[in-house]
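K.L.:
Going from the sequence shown to my numbering is simple: count from 1 and add 21. The beta carbon of each residue, even a glycine, is placed where N, CA and C say it ideally should be. Source: prediction; values computed, not measured. Encoded as structure tokens, here's the structure I'll be asking about.
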Amino acid sequence: MTKTSYDLTWDLDVIFEGGSESEAFKQYLHTLNDNLQGLSEKVNQFTTPESVNEVEALATIIQHLETVTTQIRESGAFISCLSAQNVDDKKASLLRAQVSQMGALFSTTMTQLDQKLVQVEESVWNDLLDSPELSNLQFVLNEKRRRANENLPLEQEAIINDLSIDGYHAWGQMYNTIVGKMSVEVEEDGESHHLSVGQASNKLSSADRDVRQAVFHKLQNAWTEQQDLFGETINHLSGFRLQTYKHRNWDNVLKEPLEINRMSEKTLDTMWSSITKYKGTFVKYLERKAHLLGLEKLNWYDVGAPITNEEQTVSYDEGAKFIVDQFNQFGPKMASFAEMAFEKRWIEAEDRSGKRPGGFCTSFPDSKQTRIFMTYSGTASNVATLAHELGHAFHQHVMDDVHPLNQRYAMNVAETASTFAEMIVADAAVKKAETEQERLSLLEDKVNRSVAFFMNIHARFLFETRFYEERKQGQVSVERLNELMEEAQKEAYCDALGEYDPHMWASKLHFHITGVPFYNFPYTFGYLFSLGIYAKALEEGSDFEEKYIALLKDTGSMRVEDLAMKHLNVDIEKPEFWEDAIKLCVKDVEEFLHLSQ
């Protein structure tokens, strides 16, 4: 790497200069609105094809759809970045409302198109898809047609889309607004500091248990103060979904998330049952960690704690160099992309107040760029998060030359790419450890990620499943929400902890996101699926990079069961694949137990 110092703030001006005051962005939204109105008119005038000779009309609509889809994603990404970098940016909120309005029209237009596609006679439909103009879109067009068959008539779906702006998405925005204004008073070096909840949460990985405990309880108090408001947001979000499901005659609350993730319920059930089978090993890890920390049992705020009192920090430049170097061991394209992201300031990592908590990667498909958001404070976990988000960014990067309608990959395969990148870096860190103590510490951090995917995420899944079943009977009180969360955590962790986090339903943004319900199990899927890919990468070395890129390019146009069979030659509805992946994590635990005797 030629550069020695990287900026911790991202560059958004290269996309639209001027932030939420950007004249270029206002003009872009104006153009988007014109294109959207044009698409709506074309779909309105479109008549159901009666022969393959009418393919041109459908192909023309697809071209316009490609343009509008790209522009809506570009606009949404820019507004997300503006809101994340400054939670007090009120103009960004107004822009979001404007784009949400356009999004509702877009959804209605798509519903109208899909319902017309449903009416195409089967043999004509097959001929249309075999035509040169549409042959590369067979999967996504078949998917649109099939999903449309399960929806309500156009007029009713249009009403749902319109009402969702203020009756659904607004609740998610309200959650973000409340969290953005929250602060936690933390004492450091004898002085009090007001930290955002994101900054305070970073303190939970402190080597000092007194600090972790104090911050945890301060955060609990902060969430308790706002729990009535968050109880409203989560109840109304879920209520809107359940009412929509009821009118569509969908009984299973998992139907939508499974459809979004293009996976079968059998695959999901097999994954969780395979994990449960091996949880005993991870309980042994939690018990050993408690012993190393001089505790009878770990509490929730101890699970992510370092096992030594040495605060090991890594500068942003050091973290960047390590990531690029390790990516380069896997393949030059991934390393070169990461280096470009650092150099071109595609990453917002500054540790400052006023930012929203958490991290994300978002794509600008029109600009063919991505942006990564996080708060970097120098922990090993921060380096892992940075690698994780760069994995997301690389995934989109290789999709840039794929048809826009084939780029819409689901969360579970998105998390595969990010976790694969994270794994490259975590594994390398363990192997390159200079002392046994450092190796033990890094190995523990790696095992702790397995615990997060197998236990923490499982708790979220159990909570959300049970919450939705109770919500069908009416609103769920905050007291009951706390009970449901703690019960789920105890079950997922095999009751291995002393104190839990009953307010996680409030503190975890994922429960309040409107785009995707059950924003949990795809993480675990991605983790284990990436382990299977990683095993192949280790076996084949740098020659595997092109095969990996080919797999990523297929993620937007295949169901995951077919993707696994094509690229890994495995049946993921059977336990063998999952158990083989879990056994790799079990080996890490066994090594940790051996080294820590």
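Would F532 and E485 qualify as a contact pair, given that the criterion is a beta-carbon distance under 8 Å?
P.N.:
Against a cut-off of 8 Å, the Cβ pair of E485 and F532 comes out as a contact.
K.L.:
Are Y623 and F482 closer than 8 Å when you measure CB to CB?
P.N.:
Nothing can be reported for residue 623, as the shown portion of the chain is limited to 22 through 618.
K.L.:
Cα separation between E95 and S185?
P.N.:
Their Cα atoms are separated by approximately 21 Å.
K.L.:
Compare the beta carbon distance of N320 and L518 with 8 Å and say whether it is the shorter of the two.
P.N.:
Their beta carbons are under 8 Å apart, which means N320 touches L518 by this criterion.
K.L.:
Taking DSSP as the reference, what is the three-state secondary structure of T254?
P.N.:
Helix at T254.
K.L.:
Leaving out five residues before and five after S26 in sequence, what residues of the same chain have Cβ atoms less than 8 Å from its Cβ?
P.N.:
Here the set comprises D338.
K.L.:
With a floor of 4 residues, list each alpha helix (DSSP H) that falls wholly inside the region 343 to 415, ordered by position along the chain.
P.N.:
With a minimum length of 4 residues, the continuous alpha helix (DSSP H) runs that stay inside the region 343 to 415 are 353 to 364.
K.L.:
E566 to K511, Cα distance in whole Å?
P.N.:
Approximately 40 Å, taken between the alpha carbons.
K.L.:
Closer than 6 Å by C-beta to S294: which residues in its own chain qualify, once you throw out the five before and the five after it? Chain order, please.
P.N.:
Nothing listed; no residue qualifies.
K.L.:
Going straight from the alpha carbon of D323 to that of S462, what length do you get?
P.N.:
Cα-Cα distance, rounded: 14 Å.
K.L.:
Note down, in chain order, each residue of its chain lying with its Cβ closer than 6 Å to the Cβ of R487, except the 5 sequence neighbours on either side.
P.N.:
Cβ within range, chain order: L505.
K.L.:
How is the beta strand (DSSP E) around S213 delimited, first residue to last?
P.N.:
Run containing S213: E212 to L216, per the beta strand (DSSP E) assignment.
K.L.:
Evaluate the contact criterion for the region 523 to 539 versus the region 450 to 467: three or more CB pairs, one atom per stretch, below 8 Å.
P.N.:
Touching, no.
K.L.:
With a threshold of 16 other CB atoms inside 10 Å of the CB of V610, please say whether the residue is buried or exposed.
P.N.:
Per the 10 Å Cβ criterion, buried.
K.L.:
Locate the beta strand (DSSP E) running through E208, then write down its first and last residues.
P.N.:
Start and end: V205 to E209.
K.L.:
Assuming contact is defined by CB atoms lying nearer than 8 Å, are A359 and H409 in contact in what I supplied?
P.N.:
It is not a contact, given that the beta carbons lie outside the stated cut-off.
K.L.:
If you follow the alpha helix (DSSP H) that Y544 is in, where does it begin and where does it stop?
P.N.:
From DSSP, the alpha helix (DSSP H) with Y544 extends over F542 to E561.
K.L.:
If we ignore side chains and look at the alpha-carbon of each, how far apart do A221 and D522 end up?
P.N.:
Rounded to the nearest angstrom, the two C-alpha atoms are 15 Å apart.
K.L.:
Express the C-alpha separation of N182 and Q264 in angstroms, rounding to a whole number.
P.N.:
Going from the Cα of Q264 to the Cα of N182 covers about 13 Å.
K.L.:
For G97, which residues of its own chain have a beta-carbon under 7 Å away from its beta-carbon, when the five flanking residues on both sides are left out?
P.N.:
The residues are V120.
K.L.:
Between E244 and S498, is the Cβ-Cβ spacing less than 8 Å?
P.N.:
Sequence check: residue 244 is Trp here, not Glu. For W244 and S498, no; Cβs fall outside 8 Å.
K.L.:
Please list, in chain order, all residues of the same chain as M525 whose beta carbon is under 6 Å from its beta carbon, the five residues on each side excluded.
P.N.:
Cβ neighbours of M525 beyond the five flanking positions: M506.
K.L.:
I need the DSSP call for L319, collapsed to helix, strand or coil.
P.N.:
Reduced to three states, the DSSP call for L319 is strand.
K.L.:
Could you give the DSSP three-state label for L518: helix, strand or coil?
P.N.:
If DSSP states are grouped into helix, strand and coil, L518 belongs with the strands.
K.L.:
Near L60, what residues of its chain come up, given a Cβ to Cβ distance below 7 Å and the 5 sequence neighbours on each side ignored?
P.N.:
For L60, where only same-chain residues beyond five positions count, the Cβ hits under 7 Å are H85, L86, V89 and T130.
K.L.:
Here's the rule I'm using: 16 or more other beta-carbon atoms within 10 Å means buried, otherwise exposed. How should A341 be labelled?
P.N.:
Label assigned to A341: buried.
K.L.:
Here's the rule: buried if 16 or more other CB atoms are within 10 angstroms of the residue's CB, otherwise exposed. What is V35?
P.N.:
Looking at its Cβ environment, which holds fewer than 16 other Cβ atoms inside 10 Å, V35 is exposed.
K.L.:
Could you check if T456 is buried or exposed, using at least 16 other CB atoms within 10 Å of its CB as the buried criterion?
P.N.:
Under this definition T456 is an exposed residue.
K.L.:
Output yes or no for whether 8 Å exceeds the beta carbon distance between F394 and C102.
P.N.:
Yes, the Cβ-Cβ distance between F394 and C102 is below 8 Å.
K.L.:
Could you say which of T297, A80, R168 and Y514 lies nearest to R269 if we only look at CA atoms?
P.N.:
Looking at the Cα atoms, R168 is the closest of the given residues.
K.L.:
For K376 and H238, I'd like the C-alpha separation in whole angstroms.
P.N.:
Going by the C-alpha atoms only, they are around 22 Å apart.
K.L.:
What distance in whole Å lies between the Cβ atoms of L552 and A602, which are believed to be in contact at a cut-off of 8 Å?
P.N.:
About 4 Å separates the two Cβ atoms, so the contact holds.
K.L.:
State the Cα-Cα distance for the pair T23 and V145, rounded to the nearest angstrom.
P.N.:
For T23, the pLDDT reaches just 44, beneath the cut-off of 50, and the residue's location in the model is therefore unreliable, leaving the point undetermined.
K.L.:
Does DSSP classify D609 as helix, strand or coil?
P.N.:
Correct three-state label for D609: helix.
K.L.:
Quick one: is E178 buried, meaning 16 or more other Cβ sit within 10 Å of its Cβ, or exposed?
P.N.:
Classification of E178: buried, given that the 10 Å Cβ count is 16 or more.
K.L.:
Rounded to whole angstroms, what is the Cα-Cα separation between I105 and E171?
P.N.:
First, the amino acid is wrong: residue 105 is Ala here, not Ile. Each residue's Cα considered, the two are about 35 Å apart.
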